[in-house]
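Student: First the structure, which I've put down as structure tokens, then a few questions once you've had a look.
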Amino acid sequence: MEETKVSLDKFLDLVRNQFEYGGKKYALSGDNQKESTDVLFDKYGKNWLIGTIDKYTFRFKNLARERDLLKIATYMYILWLKRGFFVLSQGINDPPIDTNLKIKSEYFDLFNKRVLERIDIFNDLTTRKSKFSLDENGVLCLNSISSYLGEMANKQWKDISEYNLIIIFYYTYYVWDKKFLATAGSDTDTNNEDKK
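Set out below in structure tokens:
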């Protein structure tokens, strides 16, 4: 368990870096409440964002890049915020909550706590279910994540549970842990931006 905790802490630090950098990339000038992701979500609906997330499962299967896993995990956190699980345990149905950088930073520790509360359950699932076993590129697990996203797209907004979001976050972490722990953080948007 301690080894998992150390690995998960590294992953969570990279996710934090991802959404902090995203806060710079997607900020709207003059609006401290919304980022462009919120505007696009409002304009095109939840399935726009779910489809965007699924795009990264396909990209990962083709390129096997760390950054795509970090994007999937970051968007699971953003959806968790938009559903309002930090306000009420059952979430807020309407309206979806705007997720500016201040809110993302403020509630990330609570999200981490919710992930850790379920870590034993998720570890057990990955050892028992072969569909989450890793082939050389993590494709089996990413196919399962893509299937979960498809199911989520067919649900009503109010029916997307905290568990739905956290389990995808966890399985993304699971692939990252097996493939990228030794080189953690070497292929991120923020890392590449710093090199320019």
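Residue numbers for the sequence shown follow this note's numbering, so the first one is 2 and each next one is one higher. Every residue gets a Cβ at the ideal spot worked out from N, C-alpha and C, and that includes glycine.
1) Where does K156 fall in DSSP's three states?
2) By the three-class DSSP mapping on this structure, what secondary structure does Q91 have?
3) Taking F170 and V116 to be in contact with their CB atoms under 8 Å, please state how far apart those CB atoms are, rounded to whole angstroms.
4) Are K72 and G186 closer than 9 Å when you measure CB to CB?
5) Select from G46, L141 and R119 the residue whose C-alpha is nearest the C-alpha of D99.
6) What first and last residue would you give for the alpha helix (DSSP H) that runs through N113?
7) Where S90 and L15 are concerned, what is the direct C-alpha to C-alpha distance, given to the nearest angstrom?
8) Using the Cα positions of S131 and L166, report the straight-line distance between them to the nearest angstrom.
9) Spatial neighbours of F20 within its chain, please: CB distance less than 6 Å, with the 5 preceding and 5 following residues excluded, ordered by chain position.
10) Rounded C-beta distance between L70 and T173? I'm assuming under 8 Å.
Tutor: According to the data block:
1) Here residue 156 refers to the residue found at position 155 of the sequence shown. The answer is coil: DSSP assigns K156 none of H, G, I, E or B.
2) Reading the sequence shown from its first residue, position 90 is the one you call residue 91. DSSP places Q91 in coil when its eight states are reduced to three.
3) As a working mapping, residue 170 is identified with position 169 in the sequence shown. As a working mapping, residue 116 is identified with position 115 in the sequence shown. Right, the Cβ-Cβ distance comes to about 6 Å (below 8 Å), so this counts as a contact.
4) Walking along the sequence shown from the start, residue 72 turns up at place 71. Walking along the sequence shown from the start, residue 186 turns up at place 185. No. Outside cutoff.
5) Here residue 99 is taken as the residue at index 98 of the sequence shown, counted from 1. Closest by alpha carbon: G46.
6) The residue given as residue 113 occupies position 112 in the sequence shown. Looking at the DSSP string, the run of the alpha helix (DSSP H) that includes N113 is L102 to E118.
7) Here residue 90 corresponds to residue number 89 of the sequence shown, with the count starting at 1. Here residue 15 corresponds to residue number 14 of the sequence shown, with the count starting at 1. Taking the straight line joining both Cα atoms gives about 26 Å.
8) Taking the sequence shown and counting its residues from 1, the one referred to as residue 131 is at position 130. Taking the sequence shown and counting its residues from 1, the one referred to as residue 166 is at position 165. In this prediction, S131 scores a pLDDT of 49, lower than 50, which makes its location untrustworthy; the coordinate-derived value is nonetheless stated afterwards. Near 21 Å, if we compare the C-alpha coordinates of L166 and S131.
9) Residue numbering aside, residue 20 sits at position 19 when the sequence shown is read from its first letter. Excluding sequence neighbours, F20 sits near T75 and K105.
10) For the purposes of this step, residue 70 is identified with residue 69 of the sequence shown, where counting begins at 1. For the purposes of this step, residue 173 is identified with residue 172 of the sequence shown, where counting begins at 1. Correct: roughly 5 Å between the Cβ atoms.
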